[in-house]
Amino acid sequence: MRIAFVGASSVAIATARNLSKQGHDIILIEINKEKIEQLTDQLDCGFIHGDGTRPDILKEIDPENTDVIFCSTSNDQSNIIASLVARSLGFKKTVTKLEDPEFDHIAIELGLESIVVPSRTIARYLSDMVEGRNILEISSIIKGDASVFSFVVQKELEVPVNQLDLPDECRIMCIYRQDELLLPHDDTRLISDDEVVIITHQKYLTKLRERFNRDR
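See below:
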């Protein structure tokens, strides 16, 4: 796979190193030239010096032939902007790293579907370890053409879940309400700012985006 990283954060460097060892083609965009010089001997990958939020820089990666782009700078706002630009340029998959969970809802409302919040992920992982629970990442469960889609409920969608008019091939997995996990029934009523998580076939993602205005 051809994988690109915007920003040489510690998470990006560690991930790039692992993926490179697995034989993937890695490209890293970094605005700090000195940092690139420091990493040249550490990472087996290509480097581009420039601002990863700029379309002209991202075009250098060849969006159509890049499988995944990780927007992983140390600045959440830059990651959101880079992700939106990457999506508009036609990258197949965009992953957005956020340090501040407060930006999570905003990123979802903007239509960014693959969001990673390291602090929250680590907290949940450690909690599961302490409680003695078996840890099985959702990425190992969702296979093939299955996809997870989420959206934030607006005022006009404050209805019971059975009135959402979802395609038959879509199922609601759960609802997050102020960080509380809810497993909905047909008559569970949605309220503004709920985050609804749906599992579906990849071919229905466009229909869901159109239905819930995710591409605005």
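Sequence positions in the sequence shown follow our numbering and run 1 to 216.
Don't be surprised by glycine CBs; every beta carbon is placed ideally from N, CA and C.
Keep in mind that this is a model prediction, so the values were computed, not measured.
Asked, Found
"Between 118, 191 and 185, which lies nearest to residue 151 when the distance is taken from Cα to Cα?", "191"
"Hey, is the stretch 29-41 in contact with the stretch 89-105, meaning 3+ C-beta pairs nearer than 8 Å?", "no"
"Would you list the residues sitting across from residue 49 in a DSSP beta bridge?", "30"
"For residue 181, is the classification buried or exposed, using 16 other Cβ atoms within 10 angstroms of its Cβ as the cut-off for buried?", "exposed"
"So who's on the other strand from residue 167, going by DSSP bridges?", "For residue 167, which the question treats as bridged, DSSP gives no partner whatsoever."
"Give me, in chain order, the residues of the same chain whose beta-carbon lies closer than 7 Å to that of residue 59; leave out the 5 immediate sequence neighbours on both sides.", "89"
"In the stretch 165-208, which residue ranges form an unbroken alpha helix (DSSP H) of at least 4 residues, counting only runs that do not cross its ends?", "none"
"Taking the CB atoms as reference points, tell me whether residue 47 and residue 28 lie closer together than 8 Å.", "yes"
"Is it true that the CB of residue 80 sits closer than 8 Å to the CB of residue 110?", "yes"
"Whole angstroms are fine: how far does the CA of residue 16 sit from the CA of residue 93?", "16 Å"
"May I have the straight-line CA-CA distance separating residue 179 from residue 41, to the nearest angstrom?", "42 Å"
"From which residue to which residue does the beta strand (DSSP E) around residue 2 run?", "2-6"
"Please report the distance separating the alpha-carbon of residue 176 from that of residue 148.", "14 Å"
"Using DSSP with H/G/I as helix, E/B as strand and the rest coil, what is residue 136?", "Note that residue 136 scores 49 on pLDDT, short of 50, meaning its location in the model is unreliable; the coordinates nonetheless yield the value given after this. It is coil, neither helix nor strand."
"Where does the unbroken beta strand (DSSP E) through residue 10 begin, and where does it stop?", "From DSSP, residue 10 is part of no beta strand (DSSP E) but of the alpha helix (DSSP H) over 10-21."
"Assign residue 70 to one of three DSSP states: helix, strand, or coil.", "strand"
"Cβ atoms of residue 187 and residue 153: under 8 Å apart, would you say?", "no"
"May I have the straight-line CA-CA distance separating residue 68 from residue 197, to the nearest angstrom?", "22 Å"
"Since residue 53 and residue 82 should fall inside the 8 Å C-beta cutoff, what is the C-beta to C-beta distance between them, to a whole number of angstroms?", "5 Å"
"Just tell me which of 107, 167, 146 and 87 has its CA closest to the CA of residue 207.", "167"
"Taking the alpha carbon of residue 189 as the point to measure from, which residue in 202, 199, 160 and 30 has its own alpha carbon closest?", "160"
"With H, G and I counted as helix, E and B as strand and the rest as coil, what does DSSP make of residue 152?", "strand"
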